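**Q** Residue numbers (my numbering): 1281 to 1536.
Each residue gets a CB set at the ideal place from its N, CA and C atoms; glycine is no exception.
As the structure is a computational prediction, the values presented were derived from the model and not from experiment.
The structure follows.
Okay, structure coming up:
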């Protein structure tokens, strides 16, 4: 599939089974639908939904209740927005994401660590590209994989360069797009890192954090697409609802 160029984030509140879940799953779904409708109304081309409120996260094997809740949430978001939908199962459960996509309208997934190893607050996370590629072929061959390189909230192994990690991801892991992010949620990506990844990648390159209305145009002079989360939220806080004015400002910056 052709991936959307301008993707907005739906950060789900705590889901059933997570420590901060308040018992109101209908409320979580209603908030997600409202955010999706606002993102769509602002003119975004796609949405990624993730279980942002479920921290602390499992490294790569979420509970079944999380898969069930995310499946329901993806269907809810799609009905509200009717845009191409992606799913990211935090922290790094790509098999769950593929399973959700196979059972819903989701057309792409995001995988934080598809290739190699990254050191995170969940411990070392090891990419499972071989398993992911085979499972995708088996259950949802048309679902695209967007994969982070040197993902945020993580540290690469000593000696591994960004160029080598990008090359391995592009040539050997089965991704359709590469994502470059900053240090953490909402943190801007390094322009130098973005340029380096773009020079090493034969795949589309996306900016995955820190994109704002004031930076989106210069970033898209380098990147092929962007994922915007924190900047379209009220007060720029990823935990807040999507702000229609901020979302429209991001889209409007592309047309001025």
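By Cβ distance below 6 Å, which residues in the same chain neighbour residue 1287 in space, the five residues on each side in sequence not counted?
**A** Within the same chain, and ignoring the five residues on either side of residue 1287 in sequence, the residues whose Cβ sits closer than 6 Å to its Cβ are 1326, 1328 and 1507.
**Q** Could you tell me the alpha carbon to alpha carbon distance between residue 1314 and residue 1348, rounded to whole angstroms?
**A** 20 Å
**Q** Going by beta-carbon coordinates alone, are residue 1294 and residue 1333 separated by less than 8 Å?
**A** yes
**Q** Helix, strand or coil, according to DSSP, for residue 1400 in the structure here?
**A** strand
**Q** For residue 1371 versus residue 1351, is the C-beta distance shorter than 8 Å?
**A** no
**Q** Are at least three pairs of beta-carbons, each pair with one atom in the segment 1396 to 1415 and one in the segment 1425 to 1435, less than 8 Å apart?
**A** yes
**Q** If distances are taken between C-alpha atoms only, which option among 1302, 1289 and 1339 comes closest to residue 1403?
**A** 1339
**Q** Taking contact to mean 3 or more Cβ pairs, one atom from each stretch, closer than 8 Å, check whether the segment 1485 to 1492 and the segment 1293 to 1308 are in contact.
**A** no
**Q** Roughly how far, in whole angstroms, is the beta-carbon of residue 1423 from the beta-carbon of residue 1483, given that I think they are within contact range, below 8 Å?
**A** Their Cβ separation, rounded to whole angstroms, is 16 Å, which puts residue 1423 and residue 1483 out of contact at 8 Å.
**Q** Using only the alpha-carbon positions, how far apart do residue 1536 and residue 1473 sit?
**A** 27 Å
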